[in-house]
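For reference, the structure discussed in these notes is given below.
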Amino acid sequence: MADITLIEGLRQAMDEELERDERVFIVGEDVGARGGVFRATMGLFEKYGAERVIDSPLAELSIVGVGIGAALYGMHPICEVQFADFIYPAFNQIVSEAAKMCYRSAGEWTVPLVIRAPYGGGIGGGLYHSQSVEAFFAHVPGLKVVIPSTPYDAKGLLKSAVRDPNPVIFLEPKKGYRLIRGEIPEGEELLVPLGSARISREGRDLSLFAYGMMHHYALQAAEQVAQEGIQVEVIDLRTLLPVDEQAVLASVRKTGKALIVHEDTLTGGYGAEIAAILAEHAFTDLDGPVMRLAGPDVPAVPYSHPLQDWFMPDAERIAQAMRKLAAF
Amino acid sequence: MTIEVIMPQLGESVVEGTVTKWLKQVDEPVREFEPLVEINTDKVDTEIPSPADGTFLARFVDEGQTVRAGTVLALIGEPGEPLPQREGGGAHSAAAGRVSQKPAAQASQGSAARVVAEPVADRSPAALPAAPPARKREDLGFISPVVAKMAAEHGLDLSQVPGTGQAGRITKRDVLAFLESRPSAAPPAPWEEPGLGELFRPSEELAGGAAKPAAAPGTILPLDVVRRSIAEHMVRSKHTSAHVTTVMEADLSRVIAHRQAHREIFQRDGVNLTFTAYFAAAAVTALKQVPLANASWSDQGIVLHRQVNVGVAVSLGDKGLIVPVIRDADQLSLLALARSINDLAERARSRKLRPEEVQGGTFTITNHGTSGSLLATPIINQPQSAILGVGVLQKRVVVVEGKGSAGEAVDSIAIRPMIYLTLTLDHRILDGAIGDQFLGLVVQRLQQWS
Chain A
8 MADITLIEGL RQAMDEELER DERVFIVGED VGARGGVFRA TMGLFEKYGA ERVIDSPLAE
68 LSIVGVGIGA ALYGMHPICE VQFADFIYPA FNQIVSEAAK MCYRSAGEWT VPLVIRAPYG
128 GGIGGGLYHS QSVEAFFAHV PGLKVVIPST PYDAKGLLKS AVRDPNPVIF LEPKKGYRLI
188 RGEIPEGEEL LVPLGSARIS REGRDLSLFA YGMMHHYALQ AAEQVAQEGI QVEVIDLRTL
248 LPVDEQAVLA SVRKTGKALI VHEDTLTGGY GAEIAAILAE HAFTDLDGPV MRLAGPDVPA
308 VPYSHPLQDW FMPDAERIAQ AMRKLAAF
Chain B
-7 MTIEVIMPQL GESVVEGTVT KWLKQVDEPV REFEPLVEIN TDKVDTEIPS PADGTFLARF
53 VDEGQTVRAG TVLALIGEPG EPLPQREGGG AHSAAAGRVS QKPAAQASQG SAARVVAEPV
113 ADRSPAALPA APPARKREDL GFISPVVAKM AAEHGLDLSQ VPGTGQAGRI TKRDVLAFLE
173 SRPSAAPPAP WEEPGLGELF RPSEELAGGA AKPAAAPGTI LPLDVVRRSI AEHMVRSKHT
233 SAHVTTVMEA DLSRVIAHRQ AHREIFQRDG VNLTFTAYFA AAAVTALKQV PLANASWSDQ
293 GIVLHRQVNV GVAVSLGDKG LIVPVIRDAD QLSLLALARS INDLAERARS RKLRPEEVQG
353 GTFTITNHGT SGSLLATPII NQPQSAILGV GVLQKRVVVV EGKGSAGEAV DSIAIRPMIY
413 LTLTLDHRIL DGAIGDQFLG LVVQRLQQWS
């Protein structure tokens, strides 16, 4: 076992996939000579050359557009969008082209494309470097949406995403890039299947669903309230689309209560989907209201530090919500 | 105005169901969507919710009775409301729809007719003796869906359960704690127990002379829906298909090694990696290559199914067996197969399967080895073309062919984990050689697992 950071897991995944399959290549801003603004592609340019680790112009529309075109010609591109905040120029390409291609060609054409994008706040990034974009894409059939929260999953899920025949939006909790460490096995292939959630802590009193950075805060909060006798079951969703409905339902059938946490804003956020699944399929198993804890409905994560703290859910706030729901 | 509670059709092929338990008594107020009655069919158990707010006016079907879909089970309306007159002198469509006539049915038919003419209050057909006055519902505070369900399942009087939730609400934990602490039936008082010693024995026994009664005629186990359905299906299958069984054996060394290596990883995902998942995966591989094994007979011709829906037989002990179906099994990874099998088996045992989850199978696997069987010739699950039987895993001595130091062929004896696999096929659709090809592919997939 090796102890690595989340970003090192991503780097290893890309290194191994470039090595394994020559159809795999990387394209994005500063991914080449500079090794990526977050150093996710460090050393890959030197190892695989400028034809397989391509520095693009500052134009997300064309990064993704080039990726789709190459994918249609049989390549397996990994497109890096430097910050998820900048993905919108490529929205049309992703939603209208990549997501629909397989469907409109009746399966004849597929787009085996991965779009990596760091997302989320809490890093003093302000309005344009802190956004959470998962809900937009989790609404689009034809895409897969994946968010890892540990180095193990970052590596295993990214490798699976590269091998998946569908376009995968791979969102990375950037605050956790170096903050989150964890063990991965050495000397063996690490693949984590898309579409499966993971129970990261078992409990009987309530189920907590989270992903990305919030999953870590949820584990911290669960530890806190465990001292008070509240046993929280924490589920890392890992793949938002397609969601692991069976895992979600199985946990709530056990605990009877559900709390969903994300830092993206509340209204129309991803938590609403989990809440709807529970309302529809687990109604007679519920012992309390399905609760959501999310970022407040304001247009962006503020730049001011006190206001950023006001925006971001944290372990303390999650613990409060756990106590409230447990007491119901 | 009264509203009828109708027996629903719980699935395309389910035409009847048995009332297992009434959850409400006549004259009790009911709310819309509140569980009213439990129904059992050959495929699933379910609750029927009340279609409206109101009072439970009358019920027409007793517990244990089997009726057709569409039958009127009960009426909901305003308290004291007169029941509507029905044509045929009150011969309810409920009665017309009855399929199993029991003495009770007779009685309730008669009384159903009587009720129409008389006030409801105390003469409803199945009115139970009034329950002792309990705490009123509103005194209990908010009753959550799961608490209501558990109370109904265990026949709990919620007014006896102490609540520890918000504002004294009864929580799921409170119900669980109550169920655990509930004393099991009180031990009988000493004077209720038969005494010991000579003094207490019946005089006939002491005298020893009394003639023994003739041998008892035996006990009759009533046929429930599941038993009837299995019996009908098995006999029909034997009459329909030309059953032929072929047998092969497989060395599971590689499957066992793979399972050892991946169990823990799967466990991280909350999945119990069973051997059945491997058999399902191997069958899927073979089904993709031998479409005739994924087919069924029709008068127009042999239907090759596009979908691969694999049924897995799950034993319910003395309650029979049920075959939940893994849909589109060819599109599932080993992890997803294992997860699906875990989930279906668990819900089959707790009778929580949805009707569509036991329909639409295109092939079936029965793991009879779990009860120790070495090899068996299972009956085809109609209208499928074949069924795979998996025997018990045994270490056996086998002859292994290898090469000597000079490259010459050398036989040696080895101990290997072996199973017998049987394929029972419908000879109308498949011939022996194709069946053998299919079974060979299953063996090959299992033996070369990587």
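As given, the protein sequences belong to chains A and B, one line each in that order. Basically this note's numbering = 1-based index in the first sequence + 7. Anchor point for the second sequence: position 239 equals 231 in this note's numbering, and the numbering is continuous, going up by one each time. Where is the CB? At the ideal position from N, CA and C, for every residue including glycine. Quantities reported herein were computed from a predicted structural model and do not represent experimental measurements.
Exercise for review: Evaluate the contact criterion for the region 230 to 243 of chain A versus the region 138 to 152 of chain A: three or more CB pairs, one atom per stretch, below 8 Å.
Suggested key: no
Point to revise | CA nearest to the CA of B:Gln440, picked from B:Asp243, B:Ile357, B:Ala50, B:Ser342 | key: In the second sequence, the residue the question calls residue 440 of chain B occupies position 448. If we check each option's Cα against that of B:Gln440, B:Asp243 comes out closest.
Check your understanding: Taking Cβ-Cβ distances below 8 Å as the criterion, which residues of the region 131 to 152 of chain B are in contact with chain A?
Key -> Ser136, Pro137, Val138, Val139, Ala140, Lys141
Review point. Per DSSP, B:Val(-3) is paired with what?
Key: As a working mapping, residue -3 of chain B is identified with position 5 in the second sequence. In the DSSP output, where bridge partners are listed per residue, B:Val(-3) has B:Ala66.
Practice item. Put B:His235 into one of helix, strand or coil per three-state DSSP. Key: Along the second sequence, read from residue 1 onward, the residue named residue 235 of chain B stands at position 243. B:His235 falls in the strand class under three-state DSSP.
Review point. Under 7 Å Cβ-Cβ, which residues of chain A neighbour B:Lys164?
Key: Counting from one through the second sequence, the residue named residue 164 of chain B turns up at place 172. Going along chain A in sequence order, the residues near B:Lys164 (Cβ under 7 Å) are Gly263, Asp294.
**Study point:** Per-residue DSSP class, three states only, for B:Pro21
**Key:** Mapped onto the second sequence, residue 21 of chain B falls at position 29. Residue state, collapsed to three classes: strand.
Review point. Relative to the C-alpha of A:Met82, which residue among A:Ile33, A:Pro306, A:Glu196 is closest?
Key: The residue labelled residue 82 of chain A in the question sits at position 75 within the first sequence. Comparing Cα positions, the closest option is A:Ile33.
Review point. Taking the alpha-carbon positions, what's the B:Asn359 to B:Lys141 distance?
Key: Stepping through the second sequence from its first residue, residue 359 of chain B is reached at position 367. Stepping through the second sequence from its first residue, residue 141 of chain B is reached at position 149. C-alpha separation (whole angstroms): 34 Å.
Review point. From which residue to which residue does the alpha helix (DSSP H) around B:Phe430 run?
Key: To locate residue 430 of chain B, count along the second sequence from 1; it is residue 438. First-last of the alpha helix (DSSP H) with B:Phe430: 424 to 439.
Review point. What are the residues that DSSP puts in a beta bridge with A:His269?
Key: Counted from its first residue, the first sequence places residue 269 of chain A at position 262. In the DSSP output, where bridge partners are listed per residue, A:His269 has A:Ala301.
Exercise for review: Say whether chain B places a C-beta atom closer than 8 Å to the C-beta of A:Ser203.
Suggested key: Taking the first residue of the first sequence as 1, we reach residue 203 of chain A at position 196. Interface residue, yes.
Practice item. Evaluate A:Arg27 with the Cβ neighbour count: other Cβ atoms within 10 Å of its Cβ, from every protein chain shown; 16 or more gives buried, anything less gives exposed. Key: For the purposes of this step, residue 27 of chain A is taken as the residue at position 20 of the first sequence. A:Arg27 is exposed by the Cβ-count criterion.
Review point. Does the distance from the C-beta atom of A:Ala265 to that of A:Leu247 stay below 8 Å?
Key: On the first sequence, residue 265 of chain A is found 258 positions in, with the first residue counted as 1. On the first sequence, residue 247 of chain A is found 240 positions in, with the first residue counted as 1. For A:Ala265 and A:Leu247, no; Cβs fall outside 8 Å.
Review point. Per DSSP, A:Asp62 is paired with what?
Key: Position 55 of the first sequence, counted from the start, is the residue given in the question as residue 62 of chain A. A:Asp62 pairs with A:Gly35.
Practice item. Report the rounded CA-to-CA distance for A:Pro119 versus A:Val31, giving the unit in angstroms. Key: Residue numbering aside, residue 119 of chain A sits at position 112 when the first sequence is read from its first letter. Residue numbering aside, residue 31 of chain A sits at position 24 when the first sequence is read from its first letter. Straight-line Cα distance between these residues: approximately 10 Å.
Review point. When the cut-off is 8 Å and only beta carbons count, does B:Gly353 lie next to chain A?
Key: Your numbering for residue 353 of chain B matches position 361 in the second sequence. For B:Gly353, the answer is no, since every Cβ of chain A falls outside 8 Å of its Cβ.
Exercise for review: Compare the C-beta of A:Phe290 against all C-beta atoms of chain B and say whether one is closer than 8 Å.
Suggested key: Here residue 290 of chain A refers to the residue found at position 283 of the first sequence. By this cut-off, A:Phe290 is an interface position.
Check your understanding: A:Gln253 CB to nearest chain B CB: under 8 Å?
Key -> Against the first sequence, residue 253 of chain A aligns to sequence position 246. True, the Cβ-Cβ gap to chain B drops below 8 Å.
Practice item. Could you say which of A:Leu79, A:Cys86, A:Gly128 lies nearest to A:Ser311 if we only look at CA atoms? Key: Taking the first sequence and counting its residues from 1, the one referred to as residue 311 of chain A is at position 304. Here the closest residue by C-alpha is A:Gly128.
Practice item. Determine the direct distance from the alpha carbon of A:Tyr55 to that of A:Leu186, and round the result to whole angstroms. Key: As a first step, residue 186 of chain A must be located in the first sequence, where it is residue number 179. As a first step, residue 55 of chain A must be located in the first sequence, where it is residue number 48. Whole-angstrom Cα-Cα distance: 28 Å.
**Study point:** Proximity winner among A:Phe93, A:Phe90, A:Val71, relative to A:Glu104 (alpha-carbon distances)
**Key:** If you number the first sequence from 1, residue 104 of chain A lands on position 97. Of the candidates A:Phe93, A:Phe90, A:Val71, the one whose C-alpha sits nearest the C-alpha of A:Glu104 is A:Val71.
Practice item. Report, in whole angstroms, the separation of the C-beta atoms of B:Asp418 and B:Ser233, which I expect to be a contact under 8 Å. Key: For the purposes of this step, residue 418 of chain B is taken as the residue at position 426 of the second sequence. For the purposes of this step, residue 233 of chain B is taken as the residue at position 241 of the second sequence. Rounded, the Cβ-Cβ distance is 4 Å, consistent with contact.
Check your understanding: Does the distance from the CB of A:Ala322 to the CB of A:Ala204 come in under 8 Å?
Key -> In the first sequence, residue 322 of chain A corresponds to position 315, counting from 1. In the first sequence, residue 204 of chain A corresponds to position 197, counting from 1. For A:Ala322 and A:Ala204, no; Cβs fall outside 8 Å.
Check your understanding: Does A:Phe90 get closer than 8 Å to chain B when you measure Cβ to Cβ?
Key -> On the first sequence, residue 90 of chain A is found 83 positions in, with the first residue counted as 1. By this cut-off, A:Phe90 is not an interface position.
Check your understanding: Can you tell me where the alpha helix (DSSP H) with A:Glu252 in it begins and where it stops?
Key -> In the first sequence, residue 252 of chain A corresponds to position 245, counting from 1. Where A:Glu252 is concerned, the enclosing alpha helix (DSSP H) stretches over 252 to 262.
Review point. According to DSSP, is B:Met226 helix, strand or coil?
Key: The count along the second sequence starts at 1 and reaches residue 226 of chain B at position 234. B:Met226 falls in the helix class under three-state DSSP.
Exercise for review: Could you name the residues of the region 362 to 384 of chain B whose beta carbon sits closer than 7 Å to any beta carbon of chain A, in the order they occur along the chain?
Suggested key: none
Review point. Quick one: is B:Gly155 near chain A, going by C-beta distance under 8 Å?
Key: One-based indexing of the second sequence puts residue 155 of chain B at position 163. No - not a single Cβ of chain A is within 8 Å of the one on B:Gly155.
Check your understanding: Which class does B:Pro27 belong to by DSSP, given the choice of helix, strand or coil?
Key -> By one-based count along the second sequence, residue 27 of chain B stands at place 35. B:Pro27 falls in the strand class under three-state DSSP.
Check your understanding: What's the C-alpha gap between A:Leu293 and B:Val138?
Key -> Residue mapping note: residue 293 of chain A aligns to position 286 of the first sequence, counting from 1. Residue mapping note: residue 138 of chain B aligns to position 146 of the second sequence, counting from 1. Each residue's alpha carbon lies about 5 Å from the other.
**Study point:** For B:Gly160 and A:Phe335, the rounded distance between their alpha carbons
**Key:** As a working mapping, residue 335 of chain A is identified with position 328 in the first sequence. As a working mapping, residue 160 of chain B is identified with position 168 in the second sequence. One C-alpha to the other measures close to 9 Å.
Review point. Using 8 Å as the limit for Cβ to Cβ distance, is B:Leu327 near chain A?
Key: Mapped onto the second sequence, residue 327 of chain B falls at position 335. Yes, its Cβ sits closer than 8 Å to a Cβ of chain A.
Check your understanding: So what does DSSP say about B:Ser397, is it helix, strand or coil?
Key -> The residue given as residue 397 of chain B occupies position 405 in the second sequence. Here B:Ser397 sits in coil by DSSP.
Check your understanding: So what does DSSP say about B:Leu158, is it helix, strand or coil?
Key -> Numbered from its first residue, the second sequence carries residue 158 of chain B at position 166. Reading off the sequence, residue 158 of chain B comes out as Gln, not Leu. DSSP places B:Gln158 in helix when its eight states are reduced to three.
Review point. So what's A:Leu186 in DSSP terms, helix, strand or just coil?
Key: To locate residue 186 of chain A, count along the first sequence from 1; it is residue 179. Looking at A:Leu186 - three-state DSSP - the assignment turns out to be helix.
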